[in-house]
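Colleague: Residue numbers (my numbering): 11 to 257. Structure in structure tokens, see below.
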Amino acid sequence: MVQDYHRYSPEDHGAWQILYDRQIKNLPGKAYPGYLQSLEAFLPEMNREEVADFRKIVPRLKEKNGWDIKVVKGLIPVEDFFCLLAEKRFCSSTWLRSRAQLDYLEEPDMFHDTFGHLPLLMDSTYAAFMEHFGKIGARYLDDPIAITALQRLYWFTIEFGLIRGNGKPHIYGAGILSSFGEVNHIYESDIEVIHFDLEKVIHNHFVNSEIQMRYYLIEDFEQLYASLTELEHILEEGLEMEVDIVR
Ligand SMILES: [Fe+2]
């Protein structure tokens, strides 16, 4: 599958522009500064004017940390997801939410996949985490407990993680960065912020259809990367818990 760019209508480009502008205004001071720098570094390849064009973005990703985009229809089996990450191929859908649906999505669309996820793949430590994470997943495809632990780790970090930047918590999770409502929720709701602890994270069940009330705070991406060594050790020792495979 490839991104059939000519199929995007003026309506699509308009929806992209609203989404992009809204987040660009809302994120300063809230998003991890390194994310905002990467977003800026992506200009002009990804900008407010037009729906992200993978033909322009991929060369930048490849040049920086060797990553590629694998176009997918939507959510894919976890097995494929891990194996693609292990090969430094990030999955992205190509459909974009409509103006009528700016704030409600049943599945991640390309605004989430590109605006939310791609900028941080320009960070070498974050990118190394993603690759190593995929390799661990690829090794444990037949182990539902390991897959559950990996999915929880991904959820509470890559999708909904907070990071200390300039002393205070900042957002680096793509699920928050790409959502106007989630960003405001972090600052306006009575959420719980817990220091990242791998044991706590992998035992923390989540429901992906519910808004999060608990967030985990990492100090930096080195801490995140180091958690994989700890996870490998835990998996080698043998982990016991209820499984909840989310596809
Ligand atoms: Fe995501």
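Cβ coordinates follow ideal geometry from the N, Cα and C atoms, glycine included.
Under 8 Å between the Cβ atoms of V253 and P179?
Modeller: Cβ distance not < 8 Å, so V253 and P179 don't count as in contact.
Colleague: In three-state terms, what does DSSP make of G185?
Modeller: Three-state DSSP puts G185 in a helix.
Colleague: Excluding the 5 residues preceding and the 5 following D14 in the sequence, name in chain order all residues of the same chain whose CB lies nearer than 8 Å to its CB.
Modeller: These residues qualify, in order along the chain: T104.
Colleague: Per DSSP, what kind of secondary structure is F121 in: helix, strand or coil?
Modeller: Looking at F121 - three-state DSSP - the assignment turns out to be helix.
Colleague: Please go through the same chain and pick out, in chain order, the residues whose beta-carbon is closer than 7 Å to the beta-carbon of M120, but skip the five residues on each side of it.
Modeller: Closer than 7 Å at Cβ, skipping near neighbours: A62, S102, S103, T104, W105, L106.
Colleague: May I ask you to list the residues that DSSP assigns as paired with E202?
Modeller: For E202, which the question treats as bridged, DSSP gives the partners R224.
Colleague: Please classify M132 as buried or exposed, where buried requires at least 16 other C-beta atoms within 10 Å of its C-beta.
Modeller: M132 is buried by the Cβ-count criterion.
Colleague: Candidates T239, L37, L53, K66: which alpha carbon is nearest S188's?
Modeller: Residue L37 is the option with its Cα nearest to S188.
Colleague: Given that a residue counts as buried once 16 or more other Cβ atoms are within 10 Å of its Cβ, and exposed if not, what is K98?
Modeller: Result: buried.
Colleague: Using a threshold of 7 Å, is the CB atom of E116 nearer than that to any non-hydrogen atom of ligand 1?
Modeller: Because no heavy atom of ligand 1 lies under 7 Å away, the Cβ of E116 does not count as near it: no.
Colleague: Would you mind stating whether G126 and L94 have Cβ atoms separated by less than 8 Å?
Modeller: It is not a contact, given that the beta carbons lie outside the stated cut-off.
Colleague: Provide the residue(s) that pair with R174 in DSSP beta bridges, ordered along the chain.
Modeller: Paired residue(s): P179.
Colleague: What is the DSSP secondary structure of F100, counted as helix, strand or coil?
Modeller: Here F100 sits in strand by DSSP.
Colleague: Does the stretch 60–76 come within contact of the stretch 85–92, defined as at least 3 CB pairs closer than 8 Å?
Modeller: The stretch 60–76, when compared against the stretch 85–92, does not touch it at the 8 Å Cβ threshold.
Colleague: Could you say which of F52, R58, I196 lies nearest to E73 if we only look at CA atoms?
Modeller: Among F52, R58, I196, the Cα nearest to that of E73 is on F52.
Colleague: Between the beta-carbon of F216 and the beta-carbon of W165, is there less than 8 Å?
Modeller: For F216 and W165, yes; Cβs fall inside 8 Å.
Colleague: Ignore the nearest five residues each way along the sequence and tell me which others in E138's own chain have a CB closer than 7 Å to its CB.
Modeller: What sits at residue 138 in the sequence shown is Ala, not Glu. Counting only Cβ-Cβ distances below 7 Å, and skipping sequence neighbours, we find Y235.
Colleague: On the premise that I201 lies in contact with M223, defined as a C-beta separation below 8 Å, what is that separation, rounded to the nearest angstrom?
Modeller: With a Cβ gap of about 6 Å, M223 and I201 count as contacting.
Colleague: Does DSSP put K74 in a helix, in a strand, or in coil?
Modeller: Correct three-state label for K74: helix.
Colleague: What number of angstroms, rounded off, separates the C-alpha of E220 from the C-alpha of G76?
Modeller: Whole-angstrom Cα-Cα distance: 34 Å.
Colleague: Leaving out five residues before and five after V211 in sequence, what residues of the same chain have Cβ atoms less than 7 Å from its Cβ?
Modeller: Only R162, L163, F166, Y226 meet the Cβ criterion.
Colleague: Which same chain residues end up closer than 7 Å to G191 when comparing Cβ atoms and leaving out the 5 residues on each side of it in sequence?
Modeller: Contacts found: D113.
Colleague: In whole angstroms, what is the alpha-carbon distance linking E198 and P43?
Modeller: The alpha-carbon atoms of E198 and P43 are separated by roughly 20 Å.
Colleague: Specify, as a first and last residue, the run of the alpha helix (DSSP H) that P54 falls within.
Modeller: No alpha helix (DSSP H) contains P54, which DSSP labels as neither H nor E.
Colleague: Short of 8 Å in beta carbon distance, which residues of its chain neighbour K40, apart from the five on each side in sequence? Order them along the chain.
Modeller: Around K40: H180, I181, V193, I196, Y197.
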